[in-house]
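Read the structure below first, then the notes.
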Amino acid sequence: MFLDAENDILLTMVYDPAGLSTWSISSPTSVSKTASSGIYYPKSFDFSVVDRIAVTVTDSEIGVFSISTSGTITSLGTHSDAARVDGNRGVIYNPNTEYVHVFKRVSTTESNIYTYDVSTPSSISFVSTRNIYSDVPQTMTNVFCQRSFDIANL
Amino acid sequence: MSLISKLTTIAAGAGSTPHLMISNVATGYLAFYDISGGEPNFLSSFNSADFGVATEMKYDSARSYLYVLSDSTDKIVTIDISDPSSPTQAGSYSMGLSLTPGNGLAYISSSESILAGSNNLVSALDISDPTSVSSLSTVSVSLPGYGSEGSIVYDSGTYAWLRENSVIRTLNVFRRRE
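Line by line, the protein sequences are chains A and X.
Remember, my numbering sits 11 above the position in the first sequence when you count from 1.
With my numbering, letter number 29 in the second sequence gets 13, and the count goes up by one each step, no holes.
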């Protein structure tokens, strides 16, 4: 869930056909749904208030949406890549590079970060795979699949 | 007039300084990546085995502390990542109850307090000293969310929104106790 504080808009995502939704905050105790994307069974999403882009991943595709200051959701493009994005539990969007990084557990011991270029949302392209097993030297038994990424300035 | 004055959830930054991606990997490790160049560049890992799998993280950019909510213990752990190539644990706070994956964590950008969701509680914690987190207040919540559905966002000082589970599909609004 994200808060667009400048415009009093909440963004949520639920694991059902309602998918990505926006909520208008007219007062602290009055929160009403503004719009829903209708995407099916999203697994994770990220939102950048800087450029008002929301990115989602489902079992089979990446979606890029524009969120207006009034909460309107507009699909800018999708990219099907079921081989890589099934079962993802984490995604981040970097507005500086316009890259999306998607986390996926690929076995009981290994996980990957997939990078996509979404600078042209109507033509999303796969960039690279990074296997992180060598970065984190531990056998990942009983893995709790990664839930979220964070990104921050240093 | 905007009801909420400042965004407090962590999002992709737009500054000119390099970005660091902070990834909760699994089974007791956090991994840190520089993604300023586009593709992830590994910086370091942090063994968090003593507090379990981190299910939620928030970054205090003003002081370079990472706050981690664990699902397998009752702790919120603060990690000093002023040097992302060598993160160190700065402190921890025991919530006094069991936590489950997907409960929310939010913080105020002023670095004064953090809001944590647990099984049926929402707690405000004082993080003015990141090495010594203490409790400010706690409120009991009915049906606070479940699994990956629950989450919290927090405005600049007063209200928090907690989405309940996918069956209930409601939003709760809380006012922080002063």
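No residue lacks a Cβ here, since even glycine has one placed at the ideal position from N, Cα and C.
Quick caveat, the model's predicted, so the values are computed rather than measured.
6 Å Cβ shell around S139 (chain A) - same chain, five flanking residues per side excluded: T126
Through-space distance from E17 (chain A) to S136 (chain A), alpha-carbon basis: 31 Å
Classification of D19 (chain A) by the beta-carbon crowding that lies within 10 angstroms, buried from 16 upward: buried
Buried/exposed call for A131 (chain A), threshold 16 Cβ in 10 Å: Correcting the residue identity first, residue 131 (chain A) is Thr in this sequence and not Ala. Under this definition T131 (chain A) is an exposed residue.
Test item: CB-CB of G80 (chain X) and I136 (chain X) under 8 Å: no
C-beta atoms of F224 (chain A) and L87 (chain A) nearer than 8 Å: Residue 224 (chain A) falls outside the range modelled here, since chain A spans only 12 to 165, and no answer is possible.
Chain B within 8 Å of I98 (chain X), Cβ atoms only: Among the chains of the structure shown, chain B does not appear; the protein chains present are A and X.
CB-CB length for S116 (chain X) against G75 (chain X), believed under 8 Å: 6 Å
Inter-residue spacing [alpha-carbon to alpha-carbon] between D15 (chain A) and L21 (chain A): 6 Å
Contact list for Y110 (chain A) against chain X, beta-carbon separation under 9 Å: I19, G22 and E23
Through-space distance from V52 (chain X) to T89 (chain A), alpha-carbon basis: 32 Å
Per-residue DSSP class, three states only, for V96 (chain A): helix
Integer-rounded CB distance, given that N123 (chain A) should sit under 8 Å from I19 (chain X): Wrong, their Cβ atoms sit about 15 Å apart, outside the cutoff.
Chain X contact for S47 (chain A) (CB, 8 Å cutoff): no
S54 (chain X), buried or exposed, once every other Cβ within 10 Å from all chains shown has been counted against 16: buried
Contact residues within the stretch 67 to 85 of chain A, judged by C-beta distance below 7 Å to chain X: none
Short CB-CB distance (under 8 Å) between I3 (chain A) and chain X: Here chain A comprises residues numbered 12 to 165, so residue 3 (chain A) is not present and cannot be evaluated.
Interface flag, V102 (chain A) vs chain X, CB-CB below 8 Å: no
Proximal residues of chain A, C-beta to C-beta of S70 (chain X) below 9 Å: In chain order: nothing, as chain A lies at least about 13 Å away.
Secondary structure of S124 (chain X), DSSP reduced to three states: strand
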